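Under my numbering, residues 46 to 190 are what the sequence shown spells out, in order.
Each remark here refers to the structure printed beneath this line.
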Amino acid sequence: MSDVPEPPPAWGELTIECKMIGADDLGYCAFLERELVCRVCARRHVLLLAQFGFGNPFVLGDGYTSQPHRGRGIFTKVLRYALNDLKKNRGVNGEVMALVVPENTPSIHAFLRAGFRTVARLRAIRCGPFLMRRSRTVFDAGDRE
């Protein structure tokens with residue numbers, strides 16, 4: 046085994062990198078010629094899923110693609126890269142899930158194209174500091190290998 050890390054994968058001019066952004070959190074960023082065009086976060090501790098009995102999976106979310114680069118499949122590529130990285134390089138043996146607001150149709154389609162499937166739709170209500178209302182669609186990656 047070599048001590049030299051593998052270069053990040055590239056799709057034409059698109060390069061994807063992963064960085065630690067917290068104790069257990071990762072940030073996946075896509076660059077076109079050194080310009081950040083897309084990002085998605087992988088978080089380990091998401092209280093909303095735990096409150097609904099989903100345990101403590103890695104959760105992909107907080108994604109964004111810059112306006113001029115939308116509709117080109119970049120977000121889907123970043124999701125696939127993140128899922129592969131979590132499963133193969135980070136030792137994630139459990140579920141990888143995602144939370145998406147129901148109105149965000151482009152993100153929903155990207156997660157479905159990346160191999161995720163809808164497993165639940167959550168609705169809660171917020172009262173003061175307590176979360177009791179929040180609509181989210183929950184996706185998981187299934188047993189994708």
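Every residue, glycine too, gets a C-beta built ideally from N, C-alpha and C.
The structure presented is a predicted model; accordingly, all values stated were derived computationally and were not measured.
- For Ile-119, no beta strand (DSSP E) segment is defined; the enclosing uninterrupted segment is the alpha helix (DSSP H) at 119-133.
- Around the CB of Arg-79, fewer than 16 other CB atoms lie within 10 Å, so the residue is classed as exposed.
- DSSP places Ile-153 inside the alpha helix (DSSP H), whose first and last residues are 150-158.
- Sequence-distant partners of Val-164 (beyond 5 residues in either direction) whose C-beta falls short of 8 Å from its own C-beta, in its chain, are Met-142, Val-183, Phe-184, Asp-185.
- Judged by beta-carbon spacing, Val-85 lies within the 9 Å limit of Asp-107, meaning their Cβ atoms are closer than that value.
- Linking Ala-127 to Ala-87 through their CA atoms gives a straight-line distance of about 8 Å.
- With fewer than 16 other Cβ atoms inside 10 Å of its own Cβ, Leu-157 counts as exposed.
- For Ala-95, the enclosing alpha helix (DSSP H) begins and ends at 92-96.
- Note that the C-beta distance between Leu-93 and Leu-144 is below 9 Å.
- In the DSSP assignment, Ala-186 falls outside any beta strand (DSSP E), carrying neither H nor E.
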